[in-house]
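Protein chains in written order, with the working numbering: chain A, 1 to 272; chain B, 1001 to 1272.
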């Protein structure tokens, strides 16, 4: 049986079922997922990295169903929102808006001790959250205890203005960071936590707010991101501005791909 | 008049008096300091960096008084205790011992929420400090608000075990980090803070505990540091172990230089 080398160096047996499940989660039919996974297992060398396996699956998917390939690559698309943290803050705020929060970005809030920069202010049903966004653009990076601790300390400093702290990240938390956050009553959103409807992955699936970095036709997302265009919906809704930013021709290609990915997402949701 | 470019990019006029004062502080006589500073001002190009000025002064000093040169280069010597943080923790604990604290290194302390790694535990007159050491090995680096905040949050978590938090660093704190630390009642030791007898620079001068990285004859301090030999006094007192670590010949040279620098330090103190 083939083995896989994980991002943290651990070696595990190749798990075809896991690959199938991840493809189905992205919207593939069972039979397509099975056939892609079988081809990947046959193609990749023994001891391949999870990254290589993902890339092999993507190469195959792209020929069969390019829009599905975009959906499948979601985790890396979020990483490509870097290198600065701001696009992720903006993106996460849009997701919060879509699920009913009122948000404000990048406030400087006078704390008891010092002025604090608050990434996102989110309010729902009278509860005010101070949201700290931690974006990582490397595989294997995790949000650690120090981040959880300074976020909580910042909350303590601005306590008069907020009711609860909230740490949002596109990767995982270390076990200590997660334990600490829960212990001090800090809400956490990470890629797969909390399990169920409120993880980042689930929020994206539910809201359909895919990041612009999902698109394969978009080489450099930074001019769009600078203008606040961070989701595919933004691109479809603001096609006119896009032409100014990317040129007539590129913007047509990009909007075309955005429509096609969104249509693919709707199809796979109807089926689910 | 010549200008100087600071580590943070600011341009200032060349200040000969400042250079003289820094040389006197390291133990130079007034007249030696004046003559070195005048030569430096003549030699360096307009727009030189503070680093270049320091290097020029050192080159001149080394010919006249090598042991004094070692003392003058103290700040960079502390930086060379890197790249990991551990040597600085060990070094700072030795300094605390010398001024009357009982210390313990690298404890894992059960906090209210998680196990916390405490760099140094320091106790004096019944007051127990949780000391977080932050070592930087690059010029211009400063200890920032996030570090101050996670240190305070760690203290809150282990509050049952300690009475006060203490942040110690070999560089400066940012203004926000300093304001925050004072506001939450956290003791701070940085290179020049607090002004007076308790800054790191003053503590080193008072205790005479120079780091092994002060020595020009020591190419690689890491084997010594690993063995807990972090000050010149350790080298002089434990010459035997040194021969095992560096070889007979190198260890003699190193101990010789250590004795000579320590003698120079005593001379300049008597004069002060």
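Each residue gets a CB set at the ideal place from its N, CA and C atoms; glycine is no exception.
Every value quoted in this text rests on a predicted model; they were computed, and no experiment measured them.
For the pair residue 99 of chain A and residue 254 of chain A, the Cα-to-Cα distance works out to about 26 Å. The straight-line gap separating the alpha-carbon atoms of residue 48 of chain A and residue 1076 of chain B is approximately 44 Å. For the pair residue 1260 of chain B and residue 1172 of chain B, the Cα-to-Cα distance works out to about 30 Å. Using a Cβ-Cβ cut-off of 8 Å, residue 1019 of chain B does not count as an interface residue toward chain A, since no Cβ of chain A sits closer than that to its own. Close CB contacts of residue 140 of chain A within its chain, under the 8 Å cut and outside five residues either way in sequence, are with 7 and 8 (chain order). If you check each beta-carbon in the segment 139–153 of chain A against every beta-carbon of chain B, the ones closer than 9 Å belong to 145, 146, 147, 148, 149, 150, 151, 152 and 153. Using a CB distance below 8 Å, the part of the segment 166–179 of chain A facing chain B consists of 176 and 179, ordered along the chain. The beta carbons of residue 1078 of chain B and residue 1211 of chain B sit closer together than 8 Å. In chain order, 1115, 1116, 1117 and 1118 place their CB closer than 8 Å to the CB of residue 1108 of chain B, counting only its own chain and leaving out the 5 sequence neighbours on each side. In terms of beta-carbon proximity, residue 1016 of chain B stays away from the interface with chain A, with every pair separated by 8 Å or more. At a Cβ-Cβ threshold of 8 Å, residue 1067 of chain B and residue 1264 of chain B count as neighbours.
When secondary structure is reduced to three states using DSSP, residue 1236 of chain B falls in the helix class. For residue 16 of chain A, the closest of A:25, A:5 and A:40 by C-alpha to C-alpha distance is A:40. Residues of the segment 99–130 of chain A with a C-beta atom less than 8 Å from some C-beta of chain B are 112, 113, 114 and 115, listed in chain order. Secondary structure at residue 1102 of chain B: strand, using DSSP grouped into helix, strand and coil. Of B:1188, B:1005 and B:1208, the smallest CA-CA separation from residue 1170 of chain B is found for B:1188. At least 8 Å separates the CB of residue 1133 of chain B from every CB of chain A. DSSP, read as helix, strand or coil, puts residue 1211 of chain B in strand. As summarised for the segment 1124–1189 of chain B, the continuous beta strand (DSSP E) elements at least 3 residues long and confined to that stretch are 1127–1134, 1164–1169 and 1187–1189, given in chain order. Proximity of residue 184 of chain A to chain B, defined by a Cβ-Cβ separation below 8 Å, is satisfied.
Each residue's CA atom was taken as its position, placing residue 1032 of chain B and residue 1001 of chain B some 22 Å apart. By the CB criterion at 8 Å, residue 1113 of chain B and residue 180 of chain A fall inside the cutoff. Contact annotation, residue 1150 of chain B with residue 146 of chain A: C-beta distance approximately 5 Å; criterion of less than 8 Å satisfied. Nearest to residue 1243 of chain B by C-alpha distance, out of B:1223, B:1230, B:1262 and B:1231, is B:1223. In this structure, the CA atom of residue 225 of chain A is about 14 Å from the CA atom of residue 236 of chain A.
In terms of Cβ geometry, residue 44 of chain A and residue 56 of chain A form a close pair [threshold 8 Å]. Shown here for residue 198 of chain A: same chain residues with a beta carbon closer than 7 Å to its own, the five before and five after excluded, namely 189 in chain order. Residue 1227 of chain B sits in coil when the DSSP states are folded into three classes, being neither helix nor strand. Residue pairing for residue 1013 of chain B: DSSP places it in a beta bridge opposite B:1003. Here the alpha carbons of residue 1251 of chain B and residue 1240 of chain B stand approximately 9 Å from one another.
B:1050 is the residue among B:1036, B:1120, B:1050 and B:1065 whose C-alpha sits nearest the C-alpha of residue 1013 of chain B.
Ranked by how close their Cα comes to the Cα of residue 267 of chain A, the residues A:247, A:218 and A:208 have A:208 in first place.
In this structure, residue 20 of chain A places its C-beta atom within 8 Å of the C-beta atom of residue 37 of chain A. Per the coordinates, the alpha-carbon of residue 202 of chain A lies some 8 Å from the alpha-carbon of residue 192 of chain A.
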